[in-house]
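Numbering (my numbering), first residue to last: 19 to 206. Step one of this worksheet: look at the structure below.
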């Protein structure tokens, strides 16, 4: 009897060890509920698409935040493209006044970042089962061009005004150098 208990105890220990080492059937990997347009955003020649995602305390806040983040995505793309275009132009401009042009590019880039995304359209919004909200916003590329042109016009006008004020200052300096100022009281 003692022998049977030892055998049964040993078998139970072996079964317990085998059960502990056995792997459970792996659960199929759960795929997140993502819209197809978020996974593979569209590409178009006439618009830029921005994507945003948010999961906040309320659906309304989540939706608004996702749209805001999609607009931010567009702003980042616009900023990057403008910087690249300006860098290429600066390289083509050659040397000479390079230092002045580089500072002008930095100013333009900062102004572009502040341009409102007028004309941006919320194309799609999707509420996922897990509470995440996804948004896709489009922005016409012509709006980018128009904004950059407006900034160039403003900068050209400012440069012309600066040139005219420099000319006036030089004329004043020449006048003072050629005919020094005299007190009217000194001659009396």
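Note that beta-carbon positions come from the ideal geometry of N, C-alpha and C, so glycine has one too.
1) Look at the alpha carbon of residue 152 and the alpha carbon of residue 60, and state the distance between them as a whole number of angstroms.
2) With a threshold of 7 Å on Cβ separation, who are the neighbours of residue 159 within its own chain once the five nearest residues in sequence on each side are excluded?
3) Does residue 74 come out as helix, strand or coil in the three-state DSSP assignment?
4) Using 8 Å as the threshold, is the C-beta distance between residue 91 and residue 68 below it?
5) Taking 8 Å as the limit between beta carbons, can you name the residues of its chain near residue 188, skipping five residues before and five after?
6) So is residue 88 buried or exposed if we call it buried at 16+ other beta carbons inside 10 Å?
7) With C-beta atoms as the reference, is residue 80 less than 8 Å away from residue 72?
8) Could you please give me the residues that DSSP links to residue 139 through a beta bridge?
9) Under DSSP, the alpha helix (DSSP H) around residue 57 begins and ends at which residues?
10) Look at residue 144 and residue 53 and say whether their C-beta atoms are less than 8 Å apart.
According to the data block:
1) Near 15 Å, if we compare the C-alpha coordinates of residue 60 and residue 152.
2) Cβ neighbours of residue 159 beyond the five flanking positions: 64, 65, 66.
3) DSSP, reduced to helix, strand and coil, places residue 74 outside both helices and strands of the structure shown, so it counts as coil.
4) Contact: yes.
5) Counting only Cβ-Cβ distances below 8 Å, and skipping sequence neighbours, we find nothing.
6) If you draw a 10 Å sphere on the C-beta of residue 88, you find 16 or more other C-beta atoms in it, and that means buried.
7) Yes, Cβ-Cβ distance for residue 80 and residue 72 is below 8 Å.
8) Paired residues: 156.
9) For residue 57, the enclosing alpha helix (DSSP H) begins and ends at 54-57.
10) Yes, they are a contact pair.
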